[in-house]
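K.L.:
Numbering (numbering that gives the first Met the number 0), first residue to last: 0 to 937. All residues carry an ideal CB built from backbone N, CA and C; glycine is no exception. Computed from a predicted model, the values in this text were never measured in an experiment. What follows is a single structure, and I will ask about it in a moment.
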Amino acid sequence: MKNFINFLFICCGITLISAQKDSIYIQAKLSEDKKTLSVTQQIVYHNRSQTDLDSLKLLNWVAAYSKRRTALVERKLEDRNNSLYFAKPEETGKILILQSDSDRFSITQEDLSKENIFIKLQQPLKSGEVLRFSLKYTLQLPDRKFTGYGTGESLVNLKYFFIVPDHFDPENRIPRSYKDTEESVNFNTFWNIKLDIPATFFAHSNLQKISEKEFTGSSDVDPEFVIAPNTFPSIEILDPEIATQIKFGYKLTPQEIQNLEFFLPLQLKFLKDRIGKIPPSIFISEKFRAKEDFFGNNDISFWKFRFKLFTDAEKTDQDYFGIVAKKILDNIIIADKEEYHWFKNGLKSYLEIQYLTKFYSNAKLLGNLNETKILGIKPVKLFHVSDVKLLDRYGLAYQYIMSQNLDQKIGEPFSALSNFNDMAISSFETGSLFAFSADKMGEDNFEAILKNYISENSQQATNPNDFLQKLAAKDTSVKYLNGYFNQKNRTNFKLKKFKPKNDSLEIRIAKNTDENIPVKLETQTRSGEKKSVWIETEENQRVTTVDLPAENIYKIVINNDFIFPEANFRDNYLYTKGLFSNSKKIKFKFIKDVPNPEFNEIYLNPRVRFTNTYDKFLIGMNFKNQSLFDQKFLYSITPSYSTGTGKLTGSGAVAYTFLPAESIIQSLTFGVSGSYFHYDFDLSYRKASLYSSIGFRKDPRSTVSRGASISYNYFERELSPEMVAKRDYGKYNLWTIGYGYTDNKMIHEKSFSISTQGMEDYNKITSEAFYRWEFAPRQKLSLRLFAGYFIRNETRNNTFDYGISRVSDYSFSYNLLGQSATGGILSQQFVLADGGFKSFIPGSVNKWITSFNVDSSVWKIFHVYADAGVYQNKNTDVKFIWDSGVKVRLIPDFLEIFLPVQSSLGFEPGFKDYGKRIRYTLILNLGTIINAARRGWY
0 MKNFINFLFI CCGITLISAQ KDSIYIQAKL SEDKKTLSVT QQIVYHNRSQ TDLDSLKLLN
60 WVAAYSKRRT ALVERKLEDR NNSLYFAKPE ETGKILILQS DSDRFSITQE DLSKENIFIK
120 LQQPLKSGEV LRFSLKYTLQ LPDRKFTGYG TGESLVNLKY FFIVPDHFDP ENRIPRSYKD
180 TEESVNFNTF WNIKLDIPAT FFAHSNLQKI SEKEFTGSSD VDPEFVIAPN TFPSIEILDP
240 EIATQIKFGY KLTPQEIQNL EFFLPLQLKF LKDRIGKIPP SIFISEKFRA KEDFFGNNDI
300 SFWKFRFKLF TDAEKTDQDY FGIVAKKILD NIIIADKEEY HWFKNGLKSY LEIQYLTKFY
360 SNAKLLGNLN ETKILGIKPV KLFHVSDVKL LDRYGLAYQY IMSQNLDQKI GEPFSALSNF
420 NDMAISSFET GSLFAFSADK MGEDNFEAIL KNYISENSQQ ATNPNDFLQK LAAKDTSVKY
480 LNGYFNQKNR TNFKLKKFKP KNDSLEIRIA KNTDENIPVK LETQTRSGEK KSVWIETEEN
540 QRVTTVDLPA ENIYKIVINN DFIFPEANFR DNYLYTKGLF SNSKKIKFKF IKDVPNPEFN
600 EIYLNPRVRF TNTYDKFLIG MNFKNQSLFD QKFLYSITPS YSTGTGKLTG SGAVAYTFLP
660 AESIIQSLTF GVSGSYFHYD FDLSYRKASL YSSIGFRKDP RSTVSRGASI SYNYFERELS
720 PEMVAKRDYG KYNLWTIGYG YTDNKMIHEK SFSISTQGME DYNKITSEAF YRWEFAPRQK
780 LSLRLFAGYF IRNETRNNTF DYGISRVSDY SFSYNLLGQS ATGGILSQQF VLADGGFKSF
840 IPGSVNKWIT SFNVDSSVWK IFHVYADAGV YQNKNTDVKF IWDSGVKVRL IPDFLEIFLP
900 VQSSLGFEPG FKDYGKRIRY TLILNLGTII NAARRGWY
């Protein structure tokens, strides 16, 4: 009797709900091999637009997996993932058959390959009218390795595969492509889905389960299914205030379940108090967990060692608070993710900040790693990062990306955000601004507005800008948020010098904006006692003066602990007593670290490195101010002892970079550098440079970069008696102007550069084009075209000539092991420059040269290469040259061997001195080896 009543209740609910909402009824049968899905579907569509519709748009997003030139494939390539591009036909997804029974439209077979099926209606669908129609189609499911959705060996994940209307486009006009960004498609929709799956499999879904294989319910998110050969756990919260069921689409260990049963009620109570409601059920898939878990709390594994940052219980608590918070926000807030991604992402970070403040206020960013002992000491304690709080992660992530000028405005369309900005800007920066505003206006006031806003906009698409306006109406000091999200921000507060004034301190705070953004000022005594006060700033007034009682104030700080996303925290600290009163302290450190904005840090780095056969090992100390974060002003000075000559050598550089937030220019750098080393036995050189470079603005998701540079270099070389007799160049000046374009996109990588160089004796122009095609996974064909031409050449010798198979490193920029070597193993080093020939074709070029270099993968580490070119020297005929051979990539970009075979010289393996004709590249850079190991050598 009870089951019958429940059945009647469900049926009545279906009738009522489906009468008011769009409804989609689906019967889907999964094949035994889990490769295809046969679907019979009925759609009840309401025209909720203000106009009559003469066409209907249906999203056929499985077509995103069907061919190479889709938005999904392009986005995966941007993320350095080419698996879908090289997918086998049986791994792709597509509609195999599609039929419709409607008498108001027809669907052609040409529509099957389109992500957006625009259907011409025979009669317009008037505003408020309902269109009912049925579809019957068969899906070939893609492999789930591409996006996490599709079919796999043991699991089938279904999402975005059914053909549905687009509720975020009520007028059915704007095409939308699937990009695997967890896009929102349907809301305020009633679903009834019956699955026919193999008998040994179980289905799990975010919809309500009314029988073993039938799911139903109204939902503001897209339906999702996990079909697996086993059941997955769920945890039911019985507390009536937060009653809900958390369903998992993956396995949990008994320890995880135990931890979750303890933490989930606490987390849900915390969330209910701040956002006002908890949905009756929550479904967490494995993909959602991976995307939304707590970034930066994973254990650190190194070789055979494993270091735990946090206990398993703490990690579960941190991970699942963010996961559950975001899932709840997704379920109760309807917002177009493409335009308003920042709202739910920012709220998630805001809630995390509040949760960490309450339960992890003293936790450090590296957790328990700070206490790890090695040989009886705690090495992490030597770094400032050991003092960084877990809560500082939000401000530090923004600082890191902003210092490179790669941040984006918060209101940037989601598909245009880089992966890191998805976290650092959309989530962390927005969350920090919400937390800053809540701290200023009072958390109770902020959360009351939030709860009211969520309640008012239930089951309808929202415009989160309305939420910002409600905040501004409550407290005018946060009205700057309305325009803040639509630009890249470089707001900065600065503590100017204070002045003692009787028993008080006159403190001046400067800002670089006309907005009336508040600032939080904090004072500290030597004993650590802290007091804080909010300072209101005036609109259109850049300097604010504050008088505070002295009260043994030792340190003054504004916006401490990265609570506001500022452009520069280094000017937020002042000391009132001691040697560094009204200035910053200096701190010396030995290894790169997270910067401590309270100090002027100087890094001392002992260095031992092999440079060339003349200086041999250089032993020295590097002094620089560059931390793990980029800085505008940089200096680096490295005095060294040359073990090869027994003399002091070294180098130094100073540079300043301008980083305009909104400009065609990404960076503008001015610098000066100098060096003193040896280029032959007992022969030294000095080099002094002035340079400037421009990096042009780039889309952070794009692989394209463009830049221009100009430099002046002065060289002074010691000359041997023979060189003096030949009137070789001892002193010379070089001017160089160049432009470069690079596109490091996967599959089709290309670059182009052009430059002109001159001195008193010559002027020449040089260009180079490069193209690399990945024609199969890890199999590439490289093409290079080089051209050089002397506009004027009145030089005394061949020092500045173009090289054919060897470069004349007169600018000392190629790091050759044997700069002046004319024989032996050192002379066989190869650098891809100028002509780029691998065979030792004699001579150089003093008029013009054009060469073409080809390199192709054959098998694993083995490549074949070929070079061809024409050149002409003064007073000689044009000559054609060529070579070919085998390249062995022992360590790509580090150690490669060139074995010449046939060339214009003849069959080279038949020459007696063949061993001396073998070439190699060798780059003594540890970073290159590490990068090669990370990406897989072959």
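Could you tell me the distance, in whole angstroms, from the CA atom of residue 470 to the CA atom of residue 508?
P.N.:
Against the sequence shown, residue 470 aligns to sequence position 471. Against the sequence shown, residue 508 aligns to sequence position 509. Using only the alpha carbons, I get a separation of about 25 Å.
K.L.:
Determine the direct distance from the alpha carbon of residue 64 to that of residue 110, and round the result to whole angstroms.
P.N.:
As a position in the sequence shown, residue 110 is number 111, starting the count at 1. As a position in the sequence shown, residue 64 is number 65, starting the count at 1. Roughly 15 Å separates the two Cα atoms.
K.L.:
Which stretch, first to last residue, makes up the alpha helix (DSSP H) that contains residue 341?
P.N.:
Taking the first residue of the sequence shown as position 1, residue 341 is located at position 342. 336–358 is the extent of the alpha helix (DSSP H) around residue 341.
K.L.:
Between residue 106 and residue 95, how many whole angstroms is the CB-CB distance? I'm expecting something under 8 Å.
P.N.:
Residue mapping note: residue 106 aligns to position 107 of the sequence shown, counting from 1. Residue mapping note: residue 95 aligns to position 96 of the sequence shown, counting from 1. No, residue 106 and residue 95 are not in contact; Cβ-Cβ is about 14 Å, not under 8 Å.
K.L.:
Restricting to Cα atoms, I'd like to know which of 910, 560, 767, 883 is closest to residue 900.
P.N.:
By one-based count along the sequence shown, residue 900 stands at place 901. Closest option to residue 900, Cα to Cα, is 883.
K.L.:
Alpha carbon to alpha carbon, how far is residue 119 from residue 511?
P.N.:
The residue given as residue 119 occupies position 120 in the sequence shown. The residue given as residue 511 occupies position 512 in the sequence shown. Answer to the nearest angstrom: the Cα atoms are 55 Å apart.
K.L.:
Answer yes if the stretch 130–149 comes into contact with the stretch 81–90, meaning at least three C-beta pairs across the two stretches below 8 Å, and no otherwise.
P.N.:
yes
K.L.:
For residue 263, I'd like the list of residues in its chain whose CB is within less than 8 Å of its CB, leaving aside the five on either flank, ordered along the chain.
P.N.:
The sequence position of residue 263 within the sequence shown is 264, counting from 1. Within the same chain, residue 263 has close Cβ partners 234, 236, 245, 319, 323.
K.L.:
Using C-beta distances below 7 Å, list every residue in its chain close to residue 250, excluding the 5 sequence neighbours before and after it, in chain order.
P.N.:
For the purposes of this step, residue 250 is taken as the residue at position 251 of the sequence shown. Only 231 meet the Cβ criterion.
K.L.:
Is any heavy atom in the ligand SAM found nearer than 7 Å to the beta carbon of residue 260?
P.N.:
Looking for the ligand SAM in the displayed structure turns up nothing, as the structure carries no ligands at all.
K.L.:
Can you tell me whether residue 839 is buried or exposed, with buried defined as 16 or more other CB within 10 angstroms of its CB?
P.N.:
Taking the first residue of the sequence shown as position 1, residue 839 is located at position 840. Buried, by the Cβ-count rule.
K.L.:
Evaluate the contact criterion for the stretch 540–551 versus the stretch 515–530: three or more CB pairs, one atom per stretch, below 8 Å.
P.N.:
yes
K.L.:
Shortest alpha-carbon distance to residue 870 belongs to which of 419, 830, 851?
P.N.:
The residue labelled residue 870 in the question sits at position 871 within the sequence shown. Cα-wise, what sits closest to residue 870 is 851.
K.L.:
Can you tell me whether residue 774 is buried or exposed, with buried defined as 16 or more other CB within 10 angstroms of its CB?
P.N.:
For the purposes of this step, residue 774 is taken as residue 775 along the sequence shown, with counting starting at 1. Residue 774 should be labelled exposed.
K.L.:
Provide the residue span of the alpha helix (DSSP H) that contains residue 316, from first to last.
P.N.:
Here the question's residue 316 lines up with position 317 in the sequence shown. Residues 311–331.
K.L.:
For the beta strand (DSSP E) holding residue 716, just list the boundary residues, first then last.
P.N.:
Here residue 716 refers to the residue found at position 717 when the sequence shown is read from its first residue. Segment 703–716, the beta strand (DSSP E) holding residue 716.
K.L.:
Excluding sequence positions up to five away, which residues of its chain have a Cβ less than 6 Å from the Cβ of residue 674?
P.N.:
Here residue 674 is taken as the residue at index 675 of the sequence shown, counted from 1. Closer than 6 Å at the Cβ level, and outside the excluded window around residue 674, lie 650, 686.
K.L.:
Taking the alpha carbon of residue 131 as the point to measure from, which residue in 55, 832, 238 has its own alpha carbon closest?
P.N.:
Walking along the sequence shown from the start, residue 131 turns up at place 132. When only C-alpha atoms are compared, the closest one is 55.
K.L.:
Would residue 271 pass as a contact of residue 240 if the rule is Cβ separation under 8 Å?
P.N.:
The residue labelled residue 271 in the question sits at position 272 within the sequence shown. The residue labelled residue 240 in the question sits at position 241 within the sequence shown. Yes. Within cutoff.
K.L.:
Output the boundary residues of the alpha helix (DSSP H) element that contains residue 464.
P.N.:
Within the sequence shown, residue 464 is the residue found at index 465, counting from 1. Taken as a continuous stretch (DSSP letters only), the alpha helix (DSSP H) holding residue 464 covers 464–473.
K.L.:
Buried or exposed: which applies to residue 458, given that a residue is buried once 16 or more other Cβ atoms fall within 10 Å of its Cβ?
P.N.:
Taking the sequence shown and counting its residues from 1, one reaches residue 458 at position 459. When all chains shown are included, residue 458 counts as exposed.
K.L.:
Can you give the Cα-Cα distance for residue 542 and residue 503, rounded to whole angstroms?
P.N.:
Along the sequence shown, read from residue 1 onward, the residue named residue 542 stands at position 543. Along the sequence shown, read from residue 1 onward, the residue named residue 503 stands at position 504. Put simply, the backbone Cα of residue 542 is about 19 Å away from that of residue 503.
K.L.:
What ranges does the beta strand (DSSP E) occupy inside the stretch 843–892, keeping only unbroken runs of at least 3 residues that lie completely in it?
P.N.:
847–858, 861–871, 878–890
K.L.:
Quick one: Cα of residue 196 to Cα of residue 284, how far?
P.N.:
The residue labelled residue 196 in the question sits at position 197 within the sequence shown. The residue labelled residue 284 in the question sits at position 285 within the sequence shown. Spanning the two alpha carbons is a distance of roughly 19 Å.
K.L.:
Quick check: what's the CA-CA separation for residue 42 versus residue 177?
P.N.:
As a first step, residue 42 must be located in the sequence shown, where it is residue number 43. As a first step, residue 177 must be located in the sequence shown, where it is residue number 178. Rounded to whole angstroms, the gap between the alpha carbons of residue 42 and residue 177 is 21 Å.
K.L.:
For residue 856, which residues from the same chain have a beta carbon less than 6 Å from its beta carbon, with the 5 sequence-adjacent residues on both sides left out?
P.N.:
As a working mapping, residue 856 is identified with position 857 in the sequence shown. Counting only Cβ-Cβ distances below 6 Å, and skipping sequence neighbours, we find 778, 779, 862.
K.L.:
Would you call residue 841 buried or exposed, if buried means 16 or more other Cβ atoms sit within 10 Å of its Cβ?
P.N.:
Along the sequence shown, one-based indexing puts residue 841 at 842. Under the 10 Å beta carbon count, residue 841 is surrounded by fewer than 16 other beta carbons and is classified as exposed.
K.L.:
Looking at the unbroken alpha helix (DSSP H) that takes in residue 72, where does it start and where does it end?
P.N.:
Residue numbering aside, residue 72 sits at position 73 when the sequence shown is read from its first letter. Unbroken alpha helix (DSSP H) run through residue 72: 70–77.
K.L.:
So, with DSSP's three-state summary, where would you put residue 95?
P.N.:
Working through the sequence shown from its first residue, we reach residue 95 at position 96. Note: residue 95 maps to strand in three-state DSSP.
K.L.:
So, residue 186 versus residue 166, is the Cβ gap smaller than 8 Å?
P.N.:
Here residue 186 refers to the residue found at position 187 when the sequence shown is read from its first residue. Here residue 166 refers to the residue found at position 167 when the sequence shown is read from its first residue. In this structure, residue 186 lies near residue 166, with their beta-carbon atoms less than 8 Å apart.
K.L.:
Within the same chain, show all residues whose beta-carbon is closer than 6 Å to that of residue 489, passing over the 5 residues directly before and after it, in chain order.
P.N.:
Residue mapping note: residue 489 aligns to position 490 of the sequence shown, counting from 1. The residues are 566, 660.
K.L.:
Once DSSP output is grouped into helix, strand and coil, what is the label at residue 994?
P.N.:
Within the shown structure, residues of the chain are numbered from 0 to 937, placing residue 994 beyond reach of any answer.
K.L.:
Compare the Cα-Cα distances from residue 832 to each of 797, 821, 786 and report the closest residue.
P.N.:
Taking the sequence shown and counting its residues from 1, the one referred to as residue 832 is at position 833. Here the closest residue by C-alpha is 786.
K.L.:
Count the other CB atoms within 10 Å of the CB of residue 198; is the residue buried (16 or more) or exposed (fewer)?
P.N.:
The sequence position of residue 198 within the sequence shown is 199, counting from 1. So residue 198 counts as exposed.
K.L.:
Below 8 Å between beta carbons: does that hold for residue 845 and residue 800?
P.N.:
As a working mapping, residue 845 is identified with position 846 in the sequence shown. As a working mapping, residue 800 is identified with position 801 in the sequence shown. For residue 845 and residue 800, yes; Cβs fall inside 8 Å.
K.L.:
Strictly by DSSP, which residues pair up with residue 493?
P.N.:
Sequence index remark: in the sequence shown, residue 493 carries index 494 (1-based). Under DSSP, the beta-bridge partners assigned to residue 493 are 509.
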